[in-house]
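Our numbering puts the sequence shown at residues 24 to 439. Cβ atoms here follow ideal geometry from the backbone N, Cα and C, with glycine treated the same way. Shown next, in structure tokens, is the structure this report addresses.
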Amino acid sequence: MGRGEARHGVRSRQGTVGTLDLRLPGKSLSANHARLVRVGTAWAIEDLESTNGTLVNGQRVSRYVLAPADVFEIGHTHVRVNCSVPLAASAAFDMDAEPRGDSPATLDPALAAHFDLLARIALSDVPVLLLGESGTGKELLARRVHAQSGRKGPLVAVNCGALPAALVESALFGHVKGAFSGAIRDELGFVRAASGGTLFLDEIADLRKESQSALLRLLQEGEVVPVGGTRPVHVDFRLVAATHQPLEERVARGDFRQDLFARIAGFSAHLPPLRERRDDIGLLVAALLDKIAASPTSEITLDSEVGRAVLAYDWPLNIRQLEQCLSRCIALSQDGHIRPAHLPPEVLRGPAEAKEDDPSAGRLNGRDAALRLELLAQLARYRGNLADVARAMGKARMQVHRWCRRFGVDPNVYRH
């Protein structure tokens, strides 16, 4: 692996030995920076006496056998070796290919294949059920399904958990004037408003049993009777439903109708949590920065320490949390360079708190975590000038040096 004009790989073979020569753009890379070699079923990273060195999890190494979760850095590029991808899938998968149609971008071959299937399903009338934790992007995927369907009508999104219990059927199916107290005019309701388009029922597991029955009849008959009305009205819509709850378990407990589940689950798509999509974090960061940044994203840079923290954190609230984190960083950054001091403390600390004073856990106790945050903040403030940092913290310069080594902090990254 080494510096090149663009990302490019050339395969070669001498006898039984196969080699991939991988070129990556970036002035911080040496012409021949590092190499990966097979060690049994694992891989080892070897530095090739590069100018800026090779780091694993923030620590400089000359040779290191990689664990599955390890991230290594060559120059300003973060790399992870994914040995869990089947060889046949990886051989047929082009990481540089543009997403097909409006499919979401991913570096996971299995997830990419699933998105391709969903894009084909979108062209039909098959109901789609989106499953996954909150914040994984189910509504965004529903909007993609609607866009890919070619339907001319609108997408109408309904949060079933937010519907007032006494007004669920009125909100969904509409009502006629005088149907109940306060019904001063006819209302279409969400279902008829989605006619010709897509009805997106988010958190469908929150629907009450009575409303589940009414929805089942709607899906069976393709018509709706407004509250207070007597004549059914034909409707034509595409149904996309979503929930973060285990719907099959709710069916088994009797909390959700089995026949309704069969109606809405024509094609089920599961969105994995962000902690299971670490290989996609770079793509997601780029897409989110493009969405939320006021300036062109080419003017926004991330400190190496920020890259490590973002890749290591578990993101329990998923993509929604990542977006809020990046929004915060952009707001705090005055020059477009995102530094560790701009990150929320929980992201900077790591994915989870280990036992205090347990050095084998690789994490810090509360006192050391606070000290590290203060050190990072002062380094950012004084742009890596250790003498100024030492004066601000009331310590000797050598003590600041020792803290940098202890916490794996490189002061040079702040010298811009």
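- Counting along the chain, the unbroken alpha helix (DSSP H) around His169 starts and ends at Lys161 to Ser172.
- Between Ala170 and Leu224, the beta carbon gap of about 18 Å keeps them out of contact (Cβ cut-off 8 Å).
- In the three-state DSSP reduction, Gln37 falls in the strand class (E or B).
- Between Lys161 and Leu294 the beta-carbon gap is near 6 Å, inside 8 Å, which marks them as a contact.
- Taken through DSSP and simplified to helix, strand or coil, Asp70 comes out as strand.
- Taking a cut-off of 8 Å on C-beta distances, the stretch 43-55 touches the stretch 25-35, as three or more cross pairs fall below it.
- For the pair of segments examined, the stretch 173-183 was found to touch the stretch 220-237: the number of CB pairs separated by less than 8 Å reaches three.
- If you draw a 10 Å sphere on the C-beta of Cys348, you find 16 or more other C-beta atoms in it, and that means buried.
- As computed with DSSP, Val263 is found in a beta bridge with Val151 and Phe223.
- Just so you know, the alpha carbons of Pro367 and Thr253 end up roughly 56 Å apart.
- For Arg61, the enclosing beta strand (DSSP E) covers residues Ala57 to Val62.
- Of all C-beta pairs linking the stretch 282-291 to the stretch 321-332, fewer than three are shorter than 8 Å, placing the two stretches out of contact.
- Of the candidates Ala403, Phe290 and Glu271, Ala403 places its Cα closest to the Cα of Pro363.
- Taken through DSSP and simplified to helix, strand or coil, His99 comes out as coil.
- Inter-segment contact for the stretch 296-308 and the stretch 180-190 is absent: fewer than three beta-carbon pairs are separated by less than 8 Å.
- The beta strand (DSSP E) runs of length 3 or more contained entirely in the stretch 398-432 do not exist; there are none.
- Per the DSSP secondary-structure output, Phe290 pairs in a beta bridge with Val151.
- Leaving aside the five residues that flank Pro255 on each side, the residues in its chain whose CB is nearer than 8 Å to its CB run, in chain order, Glu244, Glu246, Val247 and Val248.
- Going by DSSP, Arg86 is part of the beta strand (DSSP E) stretching over Arg86 to Val88.
- Residue pairing of Asn182 in beta bridges, as defined by DSSP: Asp225.
- Beta-carbon to beta-carbon, Tyr336 and Val370 are separated by about 5 Å, close enough to satisfy the 8 Å threshold.
- Exposure of Pro269 is indicated by the presence of fewer than 16 other C-beta atoms within 10 angstroms of its C-beta.
- Spanning the alpha carbons of Asp131 and Glu210 requires a straight line of approximately 45 Å.
- Bridge pairing for Ala65: Val62 [DSSP].
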